[in-house]
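Participant:
Below, the structure is given as structure tokens:
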């Protein structure tokens, strides 16, 4: 269509003319000041072009000299009259990097000086090594120069060019390289980070995301000229398929990533099947971009990019309506990429001015998209992890309530995860029947007391309590009655001991009490506390309406220096003391300590 437009346009014979003065702007866009001619054959030489000046057409101020997909070459002509007071160095800088061949010819007093640049020309043959074609020129006072520039490419032929002085060119080039370095650095960092997550977690979605980001970065580097400048400066035509095939692979990976990220197989099976079909079609497009010529490959890639964005936005909106976790971030990310690429396209047509945001809109949109997708991916996995931990906590509390579907919530702070972990630890250390500590909780309580009071001579009392007549209750009245009895005994002991004493159940009818030495006035007071426990447990318990039972207990007490023991060793000594009561009379207390020596037991009175 653009070709036809160029061929049927009526030539304008008014010559565009640029007068360069000391007061001229340091950056001059050639739109509206230059003329163009379309060489459909692409074979005309500079000498032939100079013979047909009447065929050149004036450009307009609103035209950015973007000619679309052409098979031929476009010539730009500019006549410059220098009224400068001194010699100055200037540069013709093209605004787009993805041009195959760009030639510049300076005609002064009948003499022609030529320069060559573009993707098909090795960087070391460019007049200025940059990511975009650029041609230096020296203007002297009272000089008339006619400049011809020829461009040819596989993609949409964008021949926007500016005349800038050397200092402005250097500043602009350095700034662009810094910004693009930050951009590609961010993409590579995101890709490598998620690749490491894949190796660590073995989750395929991280591999898809990392591959999507890295292939997108490689294709974008080819489009922006960074790859041609730094990665393969001598590749020339050999790197032709990097852009179309790279973006095509990136689009395919984006569809595969979206399927897994949005969990479409669970939430929206129809959308899942549609994206499966799209994935297969896009795989065919990848193969096609490698087999067809470069221009056709770029056209396939362009259509594929538009359809991918529309498809994924539609799938994302459907996922939002279905309350899929992190779907809103997904839609926002792709919307920003769409806005960025749209702004760049509109800017390229000349409908909006060129500034920082319009020039780098695609880079800004894509890097923000990648960051949002990374955040959404982290939020999705954090949400999944939080759901799992809550389910474990409910299981440990022996709750029968089924797990409800968790509302989609974006977890942005790791403190919530730490709180969930601490809550899980509480449930792991509690006995599900009585609510007191279990063996793991008792072991942890002993270790905490040991750390808190780890000084020479600090003591602790460990009581092992065994109910003497518990089994007959179970046998006669059933396990439910036994459970009621155990809960009542645990509540009585907790009420008597208070909250500063560690109380736990080892299992069956055995309980453990640990009292810090600072709370023990004397061994006699410790014995009094033991007898109070015996009296508390001996009171009758109603295990059913009109069914009253009564149990007794044997208590072994081990009084020791906490620094010399682990919980297991202290418990064994308390167990030894308890079995002395069992063998002697039951319903009694036996106390031993470190100072007693092996086999020595303090005398006790029967209860």
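Residue numbers (our numbering): 1486 to 2092. Idealized CB from N, CA, C, for every residue including glycine. The structure displayed is predicted, hence computed values, not measured ones.
1. Closer than 8 angstroms is the cut-off here; do at least three beta carbon pairs connect the segment 1696-1703 with the segment 1724-1736?
2. Helix, strand or coil, according to DSSP, for residue 1611 in the structure here?
3. Please classify residue 1770 as buried or exposed, where buried requires at least 16 neighbouring CB atoms within 10 angstroms.
4. How many angstroms separate the CA atom of residue 1654 from the CA atom of residue 1663?
5. Output yes or no for whether 8 angstroms exceeds the beta carbon distance between residue 1644 and residue 1588.
6. What residues are listed by DSSP as bridge partners for residue 1989?
7. Which one of 1908, 1595, 1862 has the shortest CA to CA distance from residue 1879?
8. At 4 residues or longer, and completely inside the segment 1719-1743: list those alpha helix (DSSP H) runs for me, N to C.
9. The beta strand (DSSP E) that contains residue 1959, what's its start and end?
10. Since I believe residue 1948 is in contact with residue 2042 (beta carbons under 8 angstroms), could you give me their beta-carbon distance rounded to a whole number of angstroms?
11. Any beta carbon from chain B within less than 8 angstroms of residue 1511's own beta carbon?
12. Whole angstroms are fine: how far does the CA of residue 1685 sit from the CA of residue 1911?
13. Under three-state DSSP, which class holds residue 1890?
14. Would you kindly work out how many angstroms separate the C-alpha atoms of residue 1647 and residue 1512, rounded to a whole number?
15. Taking just the CA atoms, how far does residue 1786 sit from residue 1534?
16. Rounded to a whole number of angstroms, what is the C-alpha to C-alpha distance between residue 2010 and residue 2037?
17. So, using beta-carbon positions, are residue 1650 and residue 1573 closer together than 8 angstroms?
18. Using the Cβ count rule (16 or more neighbours within 10 Å means buried), how would you classify residue 1674?
19. Check residue 1573 in the structure and name its three-state DSSP category.
20. Thinking C-alpha only, which one of 2059, 2046, 2064, 2052 is nearest residue 2080?
21. Just verifying my parser: in three-state terms, what is the DSSP assignment at residue 1644?
22. Within a Cβ cutoff of 6 angstroms, which residues of the same chain sit near residue 1860, ignoring the five residues on either side of it in sequence?
23. Can you give me the C-alpha to C-alpha distance between residue 1627 and residue 1571, rounded to a whole angstrom?
24. Helix, strand or coil, according to DSSP, for residue 2033 in the structure here?
25. So, with DSSP's three-state summary, where would you put residue 1502?
26. Measure the alpha-carbon distance for residue 1906 versus residue 1783 and round it to whole angstroms.
27. In three-state DSSP terms, what is residue 1903?
28. My understanding is that residue 1760 touches residue 1743, with C-beta atoms under 8 angstroms, so please give their C-beta distance in whole angstroms.
29. Along the beta strand (DSSP E) that carries residue 1948, what are the first and last residues, could you check?
Facilitator: Based on what the coordinates show:
1. yes
2. Indexing the chain shown from 1 puts residue 1611 at position 126. Coil.
3. Mapped onto the chain shown, residue 1770 falls at position 285. Buried: at least 16 other Cβ atoms inside 10 Å.
4. To locate residue 1654, count along the chain shown from 1; it is residue 169. To locate residue 1663, count along the chain shown from 1; it is residue 178. Whole-angstrom Cα-Cα distance: 14 angstroms.
5. The sequence position of residue 1644 within the chain shown is 159, counting from 1. The sequence position of residue 1588 within the chain shown is 103, counting from 1. No. Outside cutoff.
6. On the chain shown, residue 1989 is found 504 positions in, with the first residue counted as 1. In the DSSP output, where bridge partners are listed per residue, residue 1989 has 1922, 1997.
7. Within the chain shown, the letter at position 394 stands for residue 1879. Checked all of 1908, 1595, 1862; the closest Cα to residue 1879 is 1908.
8. Not a single unbroken stretch of the alpha helix (DSSP H) spanning 4 or more residues falls wholly within the segment 1719-1743.
9. Translated into the one-based positions of the chain shown, residue 1959 becomes position 474. Here residue 1959 belongs to no beta strand (DSSP E); instead the alpha helix (DSSP H) covers 1955-1962.
10. For the purposes of this step, residue 2042 is identified with residue 557 of the chain shown, where counting begins at 1. For the purposes of this step, residue 1948 is identified with residue 463 of the chain shown, where counting begins at 1. 5 angstroms between Cβ atoms; contact.
11. Protein chains in the displayed structure number just one, and chain B is not present.
12. Taking the chain shown and counting its residues from 1, the one referred to as residue 1911 is at position 426. Taking the chain shown and counting its residues from 1, the one referred to as residue 1685 is at position 200. Whole-angstrom Cα-Cα distance: 28 angstroms.
13. Reading the chain shown from its first residue, position 405 is the one you call residue 1890. Residue placement at residue 1890 is poorly supported in this model, since its pLDDT is 48, which falls under 50; the coordinates are not used for a value here.
14. Translated into the one-based positions of the chain shown, residue 1647 becomes position 162. Translated into the one-based positions of the chain shown, residue 1512 becomes position 27. Going from the Cα of residue 1647 to the Cα of residue 1512 covers about 7 angstroms.
15. As a working mapping, residue 1534 is identified with position 49 in the chain shown. As a working mapping, residue 1786 is identified with position 301 in the chain shown. So the alpha carbons of these two residues sit roughly 34 angstroms apart.
16. Taking the first residue of the chain shown as position 1, residue 2010 is located at position 525. Taking the first residue of the chain shown as position 1, residue 2037 is located at position 552. Looking at the two C-alpha atoms, the distance is approximately 21 angstroms.
17. For the purposes of this step, residue 1650 is taken as residue 165 along the chain shown, with counting starting at 1. For the purposes of this step, residue 1573 is taken as residue 88 along the chain shown, with counting starting at 1. Their beta carbons are under 8 angstroms apart, which means residue 1650 touches residue 1573 by this criterion.
18. By 1-based counting over the chain shown, the position of residue 1674 is 189. In the assembly as shown, residue 1674 is an exposed residue. Its beta-carbon has fewer than 16 other beta-carbons within 10 Å.
19. One-based indexing of the chain shown puts residue 1573 at position 88. Residue state, collapsed to three classes: strand.
20. Taking the first residue of the chain shown as position 1, residue 2080 is located at position 595. Minimum Cα distance to residue 2080 is reached at 2046.
21. Taking the first residue of the chain shown as 1, we reach residue 1644 at position 159. If DSSP states are grouped into helix, strand and coil, residue 1644 belongs with coil.
22. The residue you call residue 1860 lines up with position 375 of the chain shown. Here the set comprises nothing.
23. Here residue 1627 corresponds to residue number 142 of the chain shown, with the count starting at 1. Here residue 1571 corresponds to residue number 86 of the chain shown, with the count starting at 1. C-alpha separation (whole angstroms): 10 angstroms.
24. Sequence index remark: in the chain shown, residue 2033 carries index 548 (1-based). Strand, per DSSP.
25. By one-based count along the chain shown, residue 1502 stands at place 17. Note: residue 1502 maps to strand in three-state DSSP.
26. Sequence index remark: in the chain shown, residue 1906 carries index 421 (1-based). Sequence index remark: in the chain shown, residue 1783 carries index 298 (1-based). Each residue's Cα considered, the two are about 51 angstroms apart.
27. Here residue 1903 corresponds to residue number 418 of the chain shown, with the count starting at 1. In this structure, residue 1903 counts as helix in the three-state DSSP scheme.
28. In the chain shown, residue 1760 corresponds to position 275, counting from 1. In the chain shown, residue 1743 corresponds to position 258, counting from 1. Going by Cβ atoms, the distance from residue 1760 to residue 1743 rounds to 7 angstroms, so yes, they are a contact pair.
29. As a first step, residue 1948 is located in the chain shown; it is residue number 463 there, counting from the start. Where residue 1948 is concerned, the enclosing beta strand (DSSP E) stretches over 1944-1952.
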